[in-house]
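Protein sequence lines, in the order shown, are assigned to chains A and B. Counted the way this note's numbering counts, the first sequence spans residues 452 to 565. Counted the way this note's numbering counts, the second sequence spans residues 2 to 112. For reference, the structure discussed in these notes is given below.
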Amino acid sequence: DAGVIQSPRHEVTEMGQEVTLRCKPISGHDYLFWYRQTMMRGLELLIYFNNNVPIDDSGMPEDRFSAKMPNASFSTLKIQPSEPRDSAVYFCASTFSALNTEAFFGQGTRLTVV
Amino acid sequence: GDSVTQMEGPVTLSEEAFLTINCTYTATGYPSLFWYVQYPGEGLQLLLKATKADDKGSNKGFEATYRKETTSFHLEKGSVQVSDSAVYFCALTGANSKLTFGKGITLSVRP
Numbered sequence: 452d453a454g455v456i457q458s459p460r461h462e463v464t465e466m467g468q469e470v471t472l473r474c475k476p477i478s479g480h481d482y483l484f485w486y487r488q489t490m491m492r493g494l495e496l497l498i499y500f501n502n503n504v505p506i507d508d509s510g511m512p513e514d515r516f517s518a519k520m521p522n523a524s525f526s527t528l529k530i531q532p533s534e535p536r537d538s539a540v541y542f543c544a545s546t547f548s549a550l551n552t553e554a555f556f557g558q559g560t561r562l563t564v565v
Numbered sequence: 002g003d004s005v006t007q008m009e010g011p012v013t014l015s016e017e018a019f020l021t022i023n024c025t026y027t028a029t030g031y032p033s034l035f036w037y038v039q040y041p042g043e044g045l046q047l048l049l050k051a052t053k054a055d056d057k058g059s060n061k062g063f064e065a066t067y068r069k070e071t072t073s074f075h076l077e078k079g080s081v082q083v084s085d086s087a088v089y090f091c092a093l094t095g096a097n098s099k100l101t102f103g104k105g106i107t108l109s110v111r112p
């Protein structure tokens, strides 16, 4: 397996534009996590899914953020409208039965909103 | 809710020095505990884990022991190398399978 695949690797957009980040988890994994990493706040959990169903979205900062998982092999994180303070690295991770197994991370999407 | 607290950084050490990075946690039930490492420009990768009290996780010379009485999982290495320079994250998964991380700490090892 190629691991967790995120796209794009880098995204530069203007304030107010819609941004969509994509993630393909490892085949067979039933948990998928979205994180945001900044210098100030470290690694924040935004939302996670189990078997394509959102379990906890309490970390989603505002209504401007939304996430979907239409099937077991694909998830999106959308920001609409984007703001400069959304600039961060966004990571997706997947795992099988998360309690005591390793989570595998993608390489992240570096988002810059100007 | 679950939380992980790591010592403040960054940490700078000379090669072959002893390393300790403190980590404490708050969780209901019996969480599993992890240390992840992030090298520049990459995603996080698992360094070691422990799934029950008194378990010791180890990998690449790093060790951490699950201490339920002190709710701690401190990371140690007897002799660090320049190649250990990275960001280290302590994490836990609780009963709801939520994977929660500490803020991370940057380690720099100088020759």
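Every residue, glycine too, gets a C-beta built ideally from N, C-alpha and C.
Tell me, which residues are paired with A:GLY476 by DSSP? In the sequence under discussion, the amino acid at residue 476 of chain A is Pro, which differs from the Gly named in the question. DSSP lists no partner for A:PRO476.
Taking only beta-carbon atoms, is B:PHE63 less than 7 Å away from chain A? no
B:ASP3 to A:SER538, Cα distance in whole Å? 26 Å
DSSP puts A:GLN558 in a beta bridge; with which residues? Per DSSP, none; premise fails for A:GLN558.
Taking 7 Å as the threshold (beta carbon to beta carbon), is B:LYS104 in contact with chain A? yes
Beta-carbon proximity check, A:ASN501 vs A:TYR486, cutoff 7 Å: no
Could you tell me which residues DSSP pairs with B:VAL12 in its beta bridges? B:LEU108
Nearest-angstrom Cα distance between A:ALA518 and B:LEU34? 27 Å
Mind pulling the chain A residues with CB within less than 7 Å of B:LEU1? Chain B is shown from 2 up to 112; residue 1 of chain B falls before or after that span and cannot be answered.
Judging by CA-CA distance, which residue of B:VAL88, B:GLN82, B:LYS99 is the nearest neighbour of B:SER15? B:GLN82
Hey, quick one: how far does the beta strand (DSSP E) through B:GLY58 stretch, first residue to last? 57–60
Using a Cβ-Cβ cut-off of 6 Å (strictly less than) and excluding sequence neighbours within five positions of B:THR72, which residues of its own chain qualify? THR25, TYR26
Is the CB-CB distance between B:VAL38 and B:TYR89 below 7 Å? yes
Can you check DSSP and say which residues form a bridge with A:ASP514? DSSP output for A:ASP514 lists no bridge partner at all.
Here's a check: name, in chain order, each residue in its chain whose Cβ is nearer than 7 Å to the Cβ of A:PRO459, leaving out the five neighbours to either side. THR560
Relative to the C-alpha of B:LEU93, which candidate in A:THR552, A:PHE542, A:PHE547 has its C-alpha closest? A:THR552
To the nearest angstrom, how far is the alpha carbon of B:ALA96 from that of B:THR107? 29 Å
Since I believe A:THR527 is in contact with A:ARG473 (beta carbons under 8 Å), could you give me their beta-carbon distance rounded to a whole number of angstroms? 6 Å
Three-state secondary structure assigned by DSSP to A:SER509: coil
Can you find a heavy atom of the ligand MG that lies under 6 Å from the Cβ of B:LEU14? The model depicted lacks the ligand MG and carries no ligand whatsoever.
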